[in-house]
Amino acid sequence: MTVPAHSVVPAPVEVIPAPGVAFALRPDAVIEAPTAFLGSYLADVLRPPTGFALPVVTAGAGPGDIALVLADVAGLPDDGYELEATADRVTIRSRTETGLFHGVQTLRQLLPSTVEARTVHAGPWTVPGGRIRDYPRYGYRGAMLDVARHFFGVEVVKRFVDQISRYKLNVLHLHLSDDQGWRLAVDAWPRLAEVGGATQAGGGPGGHYTKAQYAELVAYAAARHVTLVPELDMPGHVNAALTAYPELTCDGAAPPPYTGVDVGFSTLCVGKDVTYAFVRQVLAEVAALTPGPYLHIGGDEAHSTPAADYREFLRRVQPLVTATGKTVLGWHQIGPADPVPGRTVQYWGRTPEPDEDARAAIANGDRLLLSPANRVYLDMKYDPQTPIGLDWAGHITVRTAYDWDPATLLPGTPDVIGVEAPLWTETVATPADIDLLTFPRLPAVAELAWSPQSRRDWTEFRSRLAAHGPRWTLQGIGFHPDPEIPWT
Ligand code: TNX
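So this is what it looks like as structure tokens:
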């Protein structure tokens with residue numbers, strides 16, 4: 016087995032080790048950083064395990080110190096960084112704060128795993144000497160959390176942001192509405208959250224985010240260089256909205272609340288004008304809360320919407336997204352509907368052969384976000400023994416999640432913007448459930464989205480990933496001990 020020189024995940028583009036050289040953090044070290052946030056982010060990681068004071072300064076790092084420096088590094092794209100560790104100091108350079116943040120994640124992984132402890136541990140706090148040059152393969156590196164089937168509050172979502180950003184993911188897609196619940200307050204339609212938010216799968220109390228809470232999540236994620244993509248799923252997956260506003264159904268009758276896990280039975284009424292007033296106002300309010308470029312309008316499994324109505328609905332709704340200044344993102348079932356400029360479709364097929372809808376999207380020249388269900392659906396069981404999860408797309412081991420190439424998944428030369436791992440939550444009710452299905456597969460997907468294909472190798476990845484187990488344990492993450500990983 017190949018023993019890697021380091022265990023950084025996702026694998027950096029280029030690592031040039033300096034044999035025999037190591038940096039050791041000194042008790043009197045300072046952290047030099049261009050912004051207070053970056054400096055204190057790193058200090059908050061390092062202070063508890065080292066017990067060092069680690070004051071944050073804006074200039075003047077010297078021997079034994081760590082310096083984060085905004086600088087134009089030749090040949091590096093904006094999100095890239097260079098990390099240099101000498102006996103004397105560690106310097107991370109990037110043109111952007113985003114690049115520095117990514118470099119900080121790498122530094123953290125180069126330190127001993129006890130750096131993740133929240134109590135003082137013995138050093139030495141060493142970093143292997145050398146130089147790393149690194150930048151992402153794809154600009155969109157995402158995870159999705161379904162907060163509609165089971166609701167998760169602000170603190171749980173923040174913790175998920177922390178976890179995904181450690182692996183250099185930069186998008187969190189929130190599935191904010193479904194048959195079981197509507198999770199975001201909308202001023203023009205207050206009963207969506209008040210009534211539609213008060214249920215969830217299995218019959219628990221549900222919940223929703225106020226606009227202030229949602230804005231807090233947007234800001235928390237942005238500070239960690241993660242962009243939120245809000246999804247309001249339509250024209251299907253809308254039972255919760257219909258319970259709140261029966262005028263959105265064709266017969267005007269409110270359906271009962273739904274706490275099961277079936278799909279495909281609800282639809283907005285395509286022929287009514289009120290439907291489009293509803294969609295326009297909801298999208299306008301969500302767009303106003305969204306600094307990121309995308310509004311996700313779902314579009315999947317609209318089995319109760321006749322095909323002609325479905326296309327008509329999208330013909331009218333996609334321009335409502337564009338009118339907010341945002342870009343349409345939708346599940347690949349939107350493929351046959353007339354495209355609007357920049358439209359991006361999220362491919363969730365489970366076979367090597369794209370279905371008719373996906374082929375239509377590829378033929379349109381739509382941009383593609385890849386979430387193949389048989390590879391990166393985090394809600395699939397690892398094996399038959401996994402206590403939670405589904406299996407309609409198969410069992411997904413770490414190897415299955417890792418061992419494919421986004422560039423050759425689909426035929427032709429589709430315009431792939433990145434990869435996203437969705438976590439649907441029909442069977443996921445607690446933070447521990449989230450952890451079990453997310454780790455260790457999410458880091459595998461992060462490497463797919465970040466590292467060049469030439470740097471990816473399953474055998475080598477297995478041993479790098481193994482070194483992360485103790486870190487997750489120290490972070491309080493209960494992970495699945497996939498038997499193919501040589502855990503240390
Ligand atoms: C399919 S993927 C769905 C979801 C389910 C998921 C469960 C997609 C666009 N739709 O409604 O939650 O399967 O794996």
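First residue of the sequence shown? That's 16 in the numbering used here, and the numbers climb one at a time after it.
Think of the CB as a built atom: it goes at the ideal place given N, C-alpha and C, for glycine as much as any other residue.
Note down the Cα distance separating residue i from residue j, rounded to an integer number of angstroms.
| i | j | result |
| --- | --- | --- |
| PRO485 | ALA39 | 21 Å |
| PRO63 | GLN124 | 16 Å |
| PHE454 | GLY217 | 24 Å |
| VAL18 | SER478 | Per-residue confidence for VAL18 stands at a pLDDT of 44, beneath the threshold of 50, marking its modelled position as unreliable; the derived number appears in the next sentence. Their backbone Cα atoms lie some 7 Å apart in a straight line. |
| ASP406 | LEU257 | 29 Å |
| TYR229 | VAL171 | 13 Å |
| ALA203 | GLU209 | 12 Å |
| SER109 | ILE46 | 16 Å |
| PRO25 | GLY345 | 27 Å |
| GLN178 | ALA102 | 30 Å |
| THR129 | VAL289 | 57 Å |
| VAL88 | ALA238 | 23 Å |
| ALA269 | GLY251 | 15 Å |
| ALA461 | ALA236 | 17 Å |
| HIS495 | VAL285 | 44 Å |
| VAL278 | ALA317 | 9 Å |
| PRO261 | ALA408 | 34 Å |
| TRP502 | GLY267 | 57 Å |
| PRO205 | ARG295 | 15 Å |
| SER469 | GLU327 | 44 Å |
| ASP370 | ALA322 | 16 Å |
| ILE81 | MET395 | 41 Å |
| GLY357 | ALA376 | 12 Å |
Below 8 Å on the Cβ atoms is my contact criterion, and I expect residue i with residue j to pass it. Report the Cβ-Cβ distance as a whole number of Å.
| i | j | result |
| --- | --- | --- |
| LEU383 | PRO429 | 5 Å |
| VAL431 | ALA422 | 7 Å |
| LEU329 | ALA352 | 4 Å |
| GLY307 | THR401 | Not a contact, Cβ separation roughly 33 Å. |
| LEU69 | ALA76 | Contact doesn't hold; Cβ gap of about 12 Å is too wide. |
| LYS183 | GLN120 | 6 Å |
| ILE411 | ARG456 | 7 Å |
Tell me whether the beta-carbon of residue i lies closer than 8 Å to the beta-carbon of residue j.
| i | j | result |
| --- | --- | --- |
| LEU350 | ASN379 | In the sequence as presented, Leu is not what sits at residue 350; that position holds Gly. Contact flag set, yes. |
| TYR309 | VAL244 | yes |
| ARG198 | ALA163 | yes |
| LEU98 | GLY118 | yes |
| VAL71 | ALA51 | yes |
| PRO334 | TRP363 | no |
| LEU191 | GLU246 | yes |
| ALA255 | HIS223 | no |
| LEU83 | LEU61 | no |
| SER55 | ASP194 | no |
| ILE107 | LEU126 | no |
| VAL186 | ARG152 | no |
| ALA416 | VAL391 | yes |
| ASP94 | THR73 | no |
| VAL355 | THR339 | no |
| PRO437 | MET159 | yes |
| GLN361 | THR274 | no |
| GLY493 | ALA447 | yes |
| LEU480 | ILE403 | no |
| TRP509 | THR65 | Within the shown structure, residues of the chain are numbered from 16 to 503, placing residue 509 beyond reach of any answer. |
| VAL343 | HIS165 | no |
Could you tell me if residue i is buried or exposed, where buried requires 16 or more neighbouring beta carbons within 10 angstroms of its beta carbon?
| i | result |
| --- | --- |
| GLY212 | buried |
| HIS347 | buried |
| TRP473 | exposed |
| THR320 | buried |
| GLY144 | buried |
| ILE312 | buried |
| GLY221 | buried |
| ARG133 | exposed |
| VAL516 | With the chain covering 16 to 503 only, the question about residue 516 has no answer from this structure. |
| THR445 | exposed |
| GLU29 | exposed |
| MET16 | Here MET16 scores only 36 on pLDDT, less than 50, and its place in the model is too uncertain to base an answer on. |
| GLY114 | buried |
| GLY196 | buried |
| ILE31 | exposed |
| GLY314 | buried |
| ASP248 | buried |
| ASP420 | exposed |
| THR366 | exposed |
| GLU131 | buried |
| GLU441 | buried |
| PRO271 | exposed |
| ASP43 | exposed |
Under 8 Å, Cβ to Cβ, is there at least one residue of chain D near residue i?
| i | result |
| --- | --- |
| LEU126 | The chain labelled as chain D is not found in the depicted structure, where only one protein chain is given. |
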